[in-house]
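Student: Residue numbers (my numbering), protein chains in the order written: chain A, 2 to 385; chain U, 8 to 568; chain P, 393 to 681.
The beta carbon of each residue, even a glycine, is placed where N, CA and C say it ideally should be.
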Amino acid sequence: MISSLLAQRTFWLDPPASTSAENHDLVFYALLYVMAFFFFLVVTIMLAFVVLYRRRKGQTHDNAPTHNTLLEILWTVIPLGIVIGFFVIGLKYYVDIESPPAGADVVDVEASQWQFNFKYSNGAESNELYLLVDRPVLLKLTSKDVTHALYIPAFRVQRNAVPGQNTELWFKPTVLTAKDPATGEEESLHVFCTQYCGNGHAEMTTKAFVLTREDYDKKLAEAANIFVDKNSNQPLPYIEVGKKLYITMGCSQCHSIDGAQGTAPTWKGLYKRDHEFSKSTEAGYTLKESDDDKKWDDYLQRSILHPEADIVQDFQNVMPSQESSLSGSPYKEKKLAAIIEYIKSLGDPKYYKPMKTQDLHNSEKPQAAANSEQPPAVKKKEGQ
Amino acid sequence: MIAKSQDNDNYLTHSSGISSWIFTLDHKRIGVMYLISVLVAFLLGGLFAMLIRLQLLTPTGLLFHKTDVLKDLIVYKPYNQIFTVHGAVMIFLVLIPGIPGALGNFVLPIMLGAKDVAFPRLNLWSYYLYVCGMLFALSSLVLGAVDTGWTFYTPYSVQTSTAVISVVFGAFLLGFSSIFTGLNFIVTIHKLRPRGMTWFRMPLFCWGLYATALIQILATPVLAITLLLLILERMFHLGIFDPAYGGSSLLFQHFFWFYSHPAVYIMILPAMGIMSEVIATFSRREIFGYRFVAMSSIAIALIGFFVWGHHMFPNGQSGPANVIFSGLTVLVAIPSAIKVFNWLATLYKGSIDLKTPMMYALGFFFMFSIGGLTGLPLAILPTNFHVHDTYFVVAHFHYVMFGGTLFMFIGGIHYWWPKITGRMYNESLGRLCCLLELLAFNLTFFPQFILGLHGMPRRSAVYYPEFQYLHVLSTIGAFIQMAAFMVIGAYLLHSLFRGKKAPANPWGGSTLEWSCSSPPPHDNFKETPIVGRPYDHHGLEWDEKTEGFERKEKELVPHAV
Amino acid sequence: MTQATIPQSPHDHPEHLSHHFESLRQQYDSGKLGIWLFLTTEILMFSGLFCGYAVLRSLHPEIFLYAHRYLSVELGALNTVVLIFSSFTMAWAVRAAQLGQTKLLVRLLTITLVCAFVFLGVKFVEYKNKWEESLLPGKFYRPEEPPPGGKFQKLRETDFQSVKKDASADAKPQVAAGAVGERSTIGPAAIGPTGLSEHWLEGRHHGRESWSGPEPDNVQLFFGIYFAMTGLHGVHVIGGMMVIAWLISKARKGVFGPRHFAPVDFVGLYWHLVDLVWIFLFPLLYLIS
Ligand code: HEA
Ligand code: HEA
Ligand code: CUA
Ligand SMILES: [Cu+2]
């Protein structure tokens, strides 16, 4: 089934792509007709009266009525009936919106300035949303900083991601997004952040793909394993992994890698560059080119997990701690190492000693995942 | 004093010098000062709107976009500041104080045959607070214009580096200005009505202002405390609204909308009052179903207090709350429907004169119907989940606020212009601009409904190319609007110097303000008049000599109603 | 001028009648309605705060149970008595004004003013203590000591040491993930910055009994609310003192009498409101368990 969703656009709405979208369109078109009816009613009567009763010399209508209780009650009661009718219809579908079917796939959505991070039950993470066709999916949203919202127009749904609160959203996609036969481009659905969240709000968009089981599993396995090259199935060098994480974890929002100054210090040449701090854990703490690797490693790690600890001169404490986003992942240590590796690679080449790819396999848990076809099992949190 | 008052002594010439204006207690002068300030604010808000439209001309942003050098997302910040300032100026500085402050102050006491509002000194204070609030709010333009959206949602408003405090404090002062105006009007209406004017003989503009004042008094204090807490939140991290300190951002939203939803009725109710006046005058008819129209204002004001949650349907509000708010919201549409139908019925068998104010009133029918009716899909839950925070909402509120309130504000200015300034403006230009305005307005905002339905989020500096053609239409419309407004401004200014002298009653209005000279004398009426039915057009006939309407058969004895 | 009549021209106005009113009666009624409306707005403003209080307290009862012990009930009670007494003298003052007993009026107003001073003085002492103990809102909250009181202290003097916040860190308080995300089959959606804190249920069970668990999260919230409410109330007290002082200066000139007592009456109403607000604040903040 190849669907070119864009081709099916209508004047008012894009084609529906989920069960809730079909319901929505039903209600919307019904409303549209009623609205159009009343609008034209009002405007037609108005124009007719203006023409019929325009001011003419010597003409008066002294007998015109000044009230008519029956009429007035009628035009109170009829609209009342109509709006209550719509409220009831709306209620019916609303109950549907609020009741996710049992057994829906669960995807955790973590919104932050300014990206979405989707976490699947196999531990995979991605910035794009992968969905299974004809399977209900339940999104559990939360936010790391300010309020965001996830909106997928093709599904006609949105829900805020509120810091400190969990919200839910479910839908059942019904139409596949396919490759465009002409251009070979993969089609996708728009995903927007609709709650204003700061500078990058307008660009806080991503794509959703509605896939067959086969494609879906492939995508998730890929996403689950950022440490393996998807073509050759060989372990990737740390530096490559770090490069990916730089984008997916959102570091790129503030840290540049080309020396451009942004909200936060550029990573270019950061490693073994002299540092002054406006605030640090111990008084007088500085970093020098000459400091040993250990001190630098500690610093880099601390800056990722507890960015508020040391603040580089001339910068503000704006970075959120990555502790939570890393600790949710089964690969915390490896990811951390990969990012640090990437930062080091951007420093002065004379200090950069590439870590061996082999190390990837030697580190603890994720090893199994890296090699097996099956995505790693759900990692239970302690105490659960 | 009586002997001194000559025919040409009016409130404008009564005394002179700057301080005679700054320290005036005359409600008419205060009204005029309000009018000028509000129009200046409107110009400012309009200019910011033009910047919005320019930016949205191209998908990557015409004014603020990423370049090879500047890739940081901070390039969009100016856009975010612009729409925030646009929204905040239009709402807090133009629409909320606009009709009550400018036209209400001028007209209300005269309509009641009173010499002034109940507390003239408080009235002046309201104006001062307005000016201070305006200065504070605008000072943020220098200190770092706010980029939170006019809704100031936490925690972003706690986090941003812009000058939130000065704007919020400005809005706080504006809130008090609004409270004092409302308080003044309620007491004036209760205590200063002339003999013979029972509640149901009040002109409907007074009813509109009365309902507005009720909201101003009951809702604005909550805004005040909300804004105060927001300021404290920013200064001391009080934690009530900031999740990072254990508070709840939803709580802020509840507080904010508890005021700001009623506030939209603060904006529309006086406009509806003007609508009633204009329709009655230009169709020479008593308003059809006067009591229904009057009581529906009160109904809107009261029900309007219980629907605020409809701004937060997908925001994490609980299911039952959503249902209740949705149900109440559809109810609040009913009194508006009653009004619309009653106005329509007033046209029936009237003697309709398409003067400029009447053109605006007809435009109101057109646009408020669209704006109000599109409130329905917003109020019904499943449809709200699609269009919430998209351009559909933007289109909805411009239709009601611009097409509804602002249209009647401009219409009201045209209606009372002869009374306020004593001059007539160019009638054909007036009609032409109104028509142009109507067309351009629809060109600007109708495409935004479609944008919204296709999923274009609001408050976005950039967008996908597929939305572009609709944005281009919208921008074209906006520029035509600006041109039309400039012409309106020009002929109104021109009339001040070259306009024909206005007669006491140029339109055939039947309410009290048309029975005193234009412009009115300092004390409005030498003796408190005795009044009968409102909208009694009997005996009001065109007089060639004065080029105005004159009451031919005096009717001093009040009718039995 | 023995009777308030409708004036025929501005010249035979009674002394205190503004030109746009027709009679003293009308002027007085307008003023009365005006002041009542004003008081309505004041009440609504405070009720915003009370709503916030109610919401936070129902979400985090444990915080309130825990933190109110930092407040001094004695000082609060003292202030309550002082304010109630001042309300009484104020009411009497209105009576005195109506009867034209100028001397008594001045005396009563002065007593009221003194009471207000006492109230503020006590408040100052309380604030000073909070300040010294760093019992402040938001990030400034970092007390050294657990709150005093009853079995609470016995139970957890030691626990407290272990959970005590690092007084030097002014980072955002670490907030427990707790109940957040427990509904998810795949672990917490995120460690949100807040949410219902762990002790929420416990607090529920305890009902109005005293809190005895370890220090709950987000205690700083209580002090946010405390300072916001008492602060706003304090500002109103100061406002009241200014108008009372103005009344005293007028009263000494013998301005008020049976025909002109409206200002005293209106200020009196305002003062009762200020008193009333405190009567709600006291149990809500000080007498939680
Ligand atoms: C003047 C201001 C004004 C007015 C009068 C209204 C009037 C109404 N508004 Fe609107 N509204 C705003 C200003 C206003 N609004 C603003 C500023 C926002 C957005 C704020 C922001 O987020 O920035 C908003 C947003 C808004 C939302 C939230 C959208 C969202 O963010 O998800 C909703 C939802 O219910 C809503 C509903 C309504 C309804 C039902 C009415 C009703 O009162 C309308 C009643 C009128 C009619 C119904 C038309 C006339 C009647 C007829 C032609 C007869 C036939 C009628 C029937 C059959 C019913 N409005
Ligand atoms: C009264 C309210 C009001 C009015 C009149 C307008 C008028 C206009 N508005 Fe706006 N608007 C809002 C209230 C209003 N707006 C609000 C509340 C928001 C939400 C902000 C937020 O999201 O936080 C908003 C947001 C908003 C957006 C969405 C921004 C976004 O979400 O990204 C857009 C986009 O097109 C827009 C456009 C316009 C345009 C083109 C006009 C034009 O029609 C303006 C034309 C007017 C002029 C150009 C002025 C000319 C005046 C003179 C020349 C003086 C003449 C003197 C006399 C008449 C005497 N507005
Ligand atoms: Cu995230 Cu807008
Ligand atoms: Cu609303």
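Looking at ligand 4, does it come within less than 8 Å of U/H318, judged from the CB to the closest heavy atom?
Tutor: What you label residue 318 of chain U is simply residue 311 of the second sequence in a count that begins at 1. Yes, since a heavy atom of ligand 4 falls inside the 8 Å radius drawn around the Cβ of U/H318.
Student: U/H244 touches chain P at which residues, Cβ-Cβ below 7 Å?
Tutor: On the second sequence, residue 244 of chain U is found 237 positions in, with the first residue counted as 1. Under the 7 Å cutoff, chain P gives P529, G530, K531.
Student: Taking buried to mean at least 16 other C-beta atoms within 10 Å of its own C-beta, is A/G389 buried or exposed?
Tutor: Look at the range of chain A in this structure, 2 to 385, and you will see that residue 389 of chain A is not part of it.
Student: What are the boundary residues of the beta strand (DSSP E) that includes U/I247?
Tutor: In the second sequence, the residue the question calls residue 247 of chain U occupies position 240. Unbroken run through U/I247: none, as it is neither H nor E.
Student: For U/V76, count the other beta carbons within 10 Å of its own beta carbon; 16 or more makes it buried, fewer makes it exposed. Which is it?
Tutor: Here residue 76 of chain U refers to the residue found at position 69 when the second sequence is read from its first residue. U/V76 comes out exposed.
Student: Alpha carbon to alpha carbon, how far is U/F348 from U/V330? Give it in angstroms, no decimals.
Tutor: Position 323 of the second sequence holds residue 330 of chain U. Position 341 of the second sequence holds residue 348 of chain U. Answer to the nearest angstrom: the Cα atoms are 28 Å apart.
Student: Please compile the residues from chain P whose C-beta is within a distance smaller than 8 Å of the C-beta of U/V194.
Tutor: As a position in the second sequence, residue 194 of chain U is number 187, starting the count at 1. Per Cβ cutoff of 8 Å: S422, L425, G426, L429.
Student: Suppose the cutoff is 7 Å on Cβ atoms and the five residues either side in sequence are ignored; what does the same chain contact list for A/I248 look like?
Tutor: Taking the first residue of the first sequence as position 1, residue 248 of chain A is located at position 247. Taken in chain order, the list of residues that qualify is empty.
Student: What is the rounded straight-line gap between the Cα of A/S21 and the Cα of U/G156?
Tutor: As a working mapping, residue 21 of chain A is identified with position 20 in the first sequence. As a working mapping, residue 156 of chain U is identified with position 149 in the second sequence. If you take the alpha carbons of A/S21 and U/G156, they lie about 30 Å apart.
Student: Determine contact between the stretch 159-179 of chain A and the stretch 56-63 of chain U, defined as no fewer than three beta-carbon pairs at a distance below 8 Å.
Tutor: At 8 Å Cβ cutoff, the stretches do not touch.
Student: Excluding sequence positions up to five away, which residues of its chain have a Cβ less than 8 Å from the Cβ of U/G189?
Tutor: On the second sequence, residue 189 of chain U is found 182 positions in, with the first residue counted as 1. Here the set comprises P107, T219, A220, L221, I222, Q223, I224, T227.
Student: Using 8 Å as the cut-off, classify the Cβ of A/H149 as near or not near the heavy atoms of ligand 3, replying yes or no.
Tutor: Your numbering for residue 149 of chain A matches position 148 in the first sequence. For ligand 3, at least one heavy atom lies less than 8 Å from the Cβ of A/H149.
Student: Flag U/V76 as yes if its beta-carbon sits less than 9 Å from any beta-carbon of chain A, otherwise no.
Tutor: The sequence position of residue 76 of chain U within the second sequence is 69, counting from 1. Chain A contact via Cβ: present.
Student: Specify the secondary structure class of A/T207 as computed by DSSP and reduced to three states.
Tutor: For the purposes of this step, residue 207 of chain A is identified with residue 206 of the first sequence, where counting begins at 1. Note: A/T207 maps to strand in three-state DSSP.
Student: Beta carbons nearer than 9 Å to chain A: which residues of the stretch 465-476 of chain U have them?
Tutor: Residues R465, R466, S467, A468, V469, Y470, Y471, E473.
Student: Which class does A/S144 belong to by DSSP, given the choice of helix, strand or coil?
Tutor: Translated into positions along the first sequence, residue 144 of chain A becomes position 143. Strand, per DSSP.
Student: Please indicate yes or no: does the CB of U/M493 lie closer than 8 Å to some heavy atom of ligand 2?
Tutor: Working through the second sequence from its first residue, we reach residue 493 of chain U at position 486. Yes - ligand 2 has a heavy atom lying nearer than 8 Å to the Cβ of U/M493.
Student: Is there a C-beta anywhere in chain A that falls below 9 Å from the one on U/G410?
Tutor: Residue numbering aside, residue 410 of chain U sits at position 403 when the second sequence is read from its first letter. So no, U/G410 is outside the interface.
Student: Please list, in chain order, the chain U residues whose beta carbon lies closer than 8 Å to that of P/M437.
Tutor: Taking the first residue of the third sequence as 1, we reach residue 437 of chain P at position 45. Those are P228, V229, A231, I232, listed as they occur along chain U.
Student: Compute every distance between the C-beta of A/A209 and the non-hydrogen atoms of ligand 3, then say whether any falls below 8 Å.
Tutor: Reading the first sequence from its first residue, position 208 is the one you call residue 209 of chain A. Every heavy atom of ligand 3 is 8 Å or more from the Cβ of A/A209, so no.
Student: Would you check if there are 3 or more beta carbon pairs closer than 8 Å linking the stretch 145-153 of chain U to the stretch 88-96 of chain U?
Tutor: These segments touch.
Student: Nearer than 8 Å: is that true of the beta carbon of U/H529 relative to any heavy atom of ligand 2?
Tutor: Here residue 529 of chain U refers to the residue found at position 522 when the second sequence is read from its first residue. Every heavy atom of ligand 2 is 8 Å or more from the Cβ of U/H529, so no.
Student: In terms of alpha-carbon separation, which member of A/A338, A/T77, A/H68, A/L27 lies closest to A/D299?
Tutor: As a position in the first sequence, residue 299 of chain A is number 298, starting the count at 1. Of A/A338, A/T77, A/H68, A/L27, the residue nearest in Cα terms is A/A338.
Student: So for P/L409, helix, strand or coil by DSSP?
Tutor: As a position in the third sequence, residue 409 of chain P is number 17, starting the count at 1. Coil.
Student: If contact means a Cβ-Cβ distance below 8 Å, which residues of the stretch 391-420 of chain U contact chain A?
Tutor: Taking 8 Å as the Cβ-Cβ cut-off against chain A, the residues of the stretch 391-420 of chain U that qualify are F392, H393, H395, D396, T397.
Student: For U/I275, I'd like the list of residues in its chain whose CB is within less than 6 Å of its CB, leaving aside the five on either flank, ordered along the chain.
Tutor: Here residue 275 of chain U refers to the residue found at position 268 when the second sequence is read from its first residue. Same-chain partners within the cutoff: G411, T412.
Student: Which complete alpha helix (DSSP H) runs does the stretch 206-276 of chain A hold, if anything under 4 residues is left out?
Tutor: Runs of the alpha helix (DSSP H) inside the stretch 206-276 of chain A: 214-225, 239-249.
Student: Which residue marks the beginning of the beta strand (DSSP E) containing A/G82, and which one marks its end?
Tutor: Taking the first residue of the first sequence as 1, we reach residue 82 of chain A at position 81. Element bounds for A/G82: not the beta strand (DSSP E) but the alpha helix (DSSP H), 70-99.
Student: In the structure shown, what three-state DSSP assignment does P/E466 receive?
Tutor: Stepping through the third sequence from its first residue, residue 466 of chain P is reached at position 74. Of the three classes helix, strand and coil, the one that applies to P/E466 here is helix, per DSSP.
Student: For P/C507, would you say it is in contact with chain U, using Cβ-to-Cβ distances shorter than 9 Å as the test?
Tutor: Residue mapping note: residue 507 of chain P aligns to position 115 of the third sequence, counting from 1. No, because no Cβ of chain U sits closer than 9 Å to the Cβ of P/C507.
Student: Which full runs of the beta strand (DSSP E) of 3+ residues lie inside the stretch 101-139 of chain A, going along the chain?
Tutor: Listed in chain order, they are 106-113, 116-120, 130-133.
Student: What in chain U is Cβ-close to A/L347, meaning under 9 Å?
Tutor: Locating residue 347 of chain A in the first sequence gives position 346, counting from the first residue. Here the premise fails: no neighbours, minimum Cβ distance about 17 Å.
Student: Sort out for me which residues DSSP pairs U/M431 with in a bridge.
Tutor: Indexing the second sequence from 1 puts residue 431 of chain U at position 424. Partner(s): U/K507.
Student: If the criterion is Cβ atoms closer than 9 Å, does the pair U/Y297 and U/F207 meet it?
Tutor: Here residue 297 of chain U is taken as the residue at index 290 of the second sequence, counted from 1. Here residue 207 of chain U is taken as the residue at index 200 of the second sequence, counted from 1. Contact flag set, yes.
Student: Any beta-carbon of chain P closer than 9 Å to the one on U/N17?
Tutor: On the second sequence, position 10 is the one that residue 17 of chain U refers to. No, U/N17 lies away from the interface with chain P (no Cβ there is under 9 Å from its Cβ).
Student: Do A/M320 and A/C255 have their CB atoms nearer than 9 Å?
Tutor: Counted from its first residue, the first sequence places residue 320 of chain A at position 319. Counted from its first residue, the first sequence places residue 255 of chain A at position 254. Yes, they are a contact pair.
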